[in-house]
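Going by my numbering, the first residue of the sequence shown is number 19, and it counts up by one from there.
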Amino acid sequence: MNQPLAYIHPDAKLAENVVVEPFTTISKNVSIGEGTWIGPNVSILDGARIGKNCKIFPGAVVSAIPQDLKYRGEKSIVIIGDNTTIRECVTINKGTADRMKTMIGNNCLIMAYSHIAHDCIVGNNCIFSNNTTLAGHVSVGDFAIMAGMTAVHQFCTIGSHAFVTGGSLVRKDVPPFVKAAREPLSYMGINSVGLRRRGFSSEQIREIQGIYRILYQKNYNTAQALEIIEAEMEATPERDEILTFIRESQRGIMRGYNTNNF
């Protein structure tokens, strides 16, 4: 059902049961999957690829050009997966020549006034609370949660199942399965509540705790800790994910909590 007060470019591809509310603009080179609802006063611009059963609320702007002076008009895109909700006044910019796309996965909730900059890659089942801001080239793993007013520096990576508390400034990479808080951002334990909710066993949670105890609480440097973890901890998907994340980190991982720093 498309309202006569909405503008839909003739070249846009909308599934038959997409709902577009009044005063919304949908540009050319846009595709929107079945069951998606586009609220009033939304701007869906050139290059948007929106999946099935999404909800996009008033004031949102999807696929605007990057706020990056290096952008030269390349034909980049924004991809939004199925069953994702974009709340009021969220802004999502398309990619640049780096990745040529900005991508949000399935089953995500992006709350009001959040900003996802160019070339960001967001996994599935992520939750961004109000005013979460990602600078360019940020990567976020599946099931990551960022509380309100979190700001993430460009090129940072947030691991899967991580929880970042409200008002945090993320300048370093946040490894998988952890809780991150304080200033400067520090390890505050593992995200045990979230892991239990997602079906992780007590044995898996204890294993993850043991890995981060070696990494953050035994006074080893990172290289020493990784060698000990690999030598002494049984190989599991969780162990290997942590090891790979840290070894591939370009900005370095966040620090461990130390009461002397505060």
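Glycine included, C-beta positions come from ideal geometry on N, C-alpha and C.
Within the same chain, V156, S157, V158, G159, A162, M164, V170, V182, V188, D191 and V192 come within 8 Å of I176 by CB-CB distance, once the 5 residues on both sides are set aside. T103 and V80 have their C-alpha atoms spaced approximately 12 Å apart.
Within the same chain, F161, I163, H179 and F181 come within 8 Å of G212 by CB-CB distance, once the 5 residues on both sides are set aside. Cβ neighbours of L233 within its own chain (closer than 6 Å, five residues either side excluded): A243. When DSSP states are grouped into helix, strand and coil, T103 belongs to the strand group. Counted as a single uninterrupted DSSP element, the alpha helix (DSSP H) harbouring S210 occupies residues S210 to R215. With 16 or more other Cβ atoms inside 10 Å of its own Cβ, E256 counts as buried. Separation of D116 and G69 (C-alpha to C-alpha, rounded to the nearest whole angstrom) is 23 Å. Under the three-state reduction of DSSP, Y131 is assigned to coil, being neither helix nor strand.
Counting of Cβ neighbours within 10 angstroms places A78 among the buried residues, the total reaching 16 or more.
Distances from the CA of E106 to each of R214, S49, S61 and N142 were compared; the closest alpha carbon is that of S61. No Cβ-Cβ contact shorter than 7 Å links I145 with F195. At a cut-off of 3 residues, the continuous stretches assigned as beta strand (DSSP E) that sit fully inside the stretch 107–177 are 109–111 and 119–122. Collapsing the DSSP output to three states places L32 in a strand.
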